[in-house]
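Numbering (this note's numbering), first residue to last: 2 to 363.
Right under this line is the structure:
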């Protein structure tokens, strides 16, 4: 019988859990056993008793889980010491950041571990239910607007009061992927006048469908996205045109949320220092690309700074700040992957499989 292990997350600030009790209960009915470290889901709002009720066996520490389970499901990558504790033959499923984790991947290979990186779930129809990047980007886009609204010195909606009418704030979202579209929808729900920008032509209709205006449609082109739907790096001339369009628009905005990422590459710089200095005093930038270098040239990952009266929030790991629902969504993705992997009571890792093959990093 396949035994799946769930442990506490050890990355700083990480409050999510890879699998929730609901997912555990469904997988147990499918003939899969679970070993869960005591307290693994506590910070996400899931009690040990809920896991026990779902049919899991509770173990005192991570090492016990590592030695018992054949598949370990985590949110974030293990430390080098944790990797050493995994038994040979274990399958590890997590956000492994393979491009920046060469030492970890070497350690996993030496230890005889098969590692699947959740960042590498292919963008194909069959794998949509396993796409943790999309589910967690939804949470990040939502929370980014709340952070920005809290830091802004004005209200987002138009209000008519006995003290007069308050004009609505202006919000601008750069990048109309999953996070960007959720940010647009959230800013609209909060009453802001919202605009969006993306280099991909397909994004125009999506942005407008949410009630936001689309900026500089002439820059967006069908060739600006790859086969997975991600934006591709622009040529020098295209990037110059993009910067000009953003510079003209950003100076009048109260809240700017940036979400532009290019897989496997540093985030494109879309807000220059000159643009920041052109913005109104009291305006706010929330940079969701902070961990990849930032879309704003002044962004400092994990820090909030002020430049010329403009607040710049280098947001990192926002899904961990909404741990209950972020874990619920993450768990459903991992549950779908485990169902795909589990065959006749064992895990089948087939490099030729169109979902599993691209995910294998060790």
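Glycine included, each C-beta is placed from N, C-alpha and C at the ideal position.
Where residue i sits in the DSSP three-state scheme
i           : result
residue 23  : helix
residue 174 : strand
residue 325 : helix
residue 125 : coil
residue 330 : helix
residue 11  : coil
residue 181 : helix
residue 243 : helix
residue 18  : coil
residue 191 : coil
residue 267 : coil
residue 280 : coil
residue 109 : helix
residue 87  : coil
Check whether residue i and residue j have beta carbons under 9 Å apart
i           : j           : result
residue 316 : residue 288 : yes
residue 1   : residue 34  : With the chain running from 2 to 363 in the structure shown, residue 1 is simply not present.
residue 170 : residue 160 : no
residue 106 : residue 97  : yes
residue 217 : residue 208 : no
residue 257 : residue 174 : yes
residue 77  : residue 172 : no
residue 32  : residue 318 : no
residue 115 : residue 363 : yes
residue 91  : residue 73  : yes
residue 19  : residue 108 : no
residue 25  : residue 6   : no
residue 331 : residue 137 : yes
residue 358 : residue 154 : no
Alpha-carbon spacing of residue i relative to residue j, whole angstroms
i           : j           : result
residue 296 : residue 346 : 46 Å
residue 16  : residue 10  : 7 Å
residue 427 : residue 191 : Outside the displayed range of the chain (2 to 363) lies residue 427, so it cannot be described from this structure.
residue 249 : residue 47  : 47 Å
residue 243 : residue 262 : 15 Å
residue 125 : residue 182 : 20 Å
residue 111 : residue 133 : 27 Å
residue 66  : residue 27  : 20 Å
residue 139 : residue 162 : 33 Å
residue 193 : residue 41  : 39 Å
residue 45  : residue 348 : 27 Å
residue 291 : residue 300 : 6 Å
residue 279 : residue 103 : 41 Å
residue 259 : residue 241 : 17 Å
residue 119 : residue 352 : 15 Å
residue 178 : residue 254 : 20 Å
residue 199 : residue 43  : 39 Å
residue 202 : residue 127 : 25 Å
residue 39  : residue 151 : 35 Å
residue 62  : residue 343 : 25 Å
residue 79  : residue 304 : 24 Å
residue 285 : residue 238 : 28 Å
residue 276 : residue 121 : 34 Å
residue 85  : residue 113 : 10 Å
residue 164 : residue 197 : 32 Å
residue 186 : residue 252 : 22 Å
residue 339 : residue 180 : 25 Å
Member of the options whose CA lies at the smallest distance from the CA of residue i
i           : options               : result
residue 308 : 274, 116, 330 and 290 : 274
residue 355 : 66, 77 and 131        : 131
residue 148 : 184, 108 and 85       : 184
residue 366 : 52, 54, 27 and 82     : Residue 366 lies beyond the residue range present for the chain, which begins at 2 and ends at 363; the question has no answer from this structure.
residue 100 : 324, 328, 349 and 293 : 293
residue 129 : 344, 363 and 333      : 333
residue 8   : 23, 49, 135 and 30    : 49
residue 23  : 43, 56 and 38         : 56
residue 144 : 6, 324 and 29         : 324
residue 117 : 123, 136, 94 and 137  : 94
residue 195 : 166, 79, 146 and 327  : 146
residue 54  : 155, 29 and 68        : 29
residue 270 : 330, 283, 247 and 168 : 247
residue 189 : 176, 205, 210 and 204 : 210
residue 264 : 51, 52 and 123        : 123
residue 141 : 361, 327 and 360      : 327
residue 267 : 206, 298 and 350      : 298
residue 313 : 272, 51, 360 and 341  : 272
residue 281 : 311, 204 and 350      : 311
DSSP beta-bridge partners of residue i
i           : result
residue 260 : DSSP lists no partner for residue 260.
residue 59  : 37
residue 312 : 285 and 307
residue 5   : 35 and 72
residue 160 : 167
residue 96  : 77
residue 215 : 197
residue 348 : 343
residue 115 : 92
residue 272 : 297
residue 361 : 117
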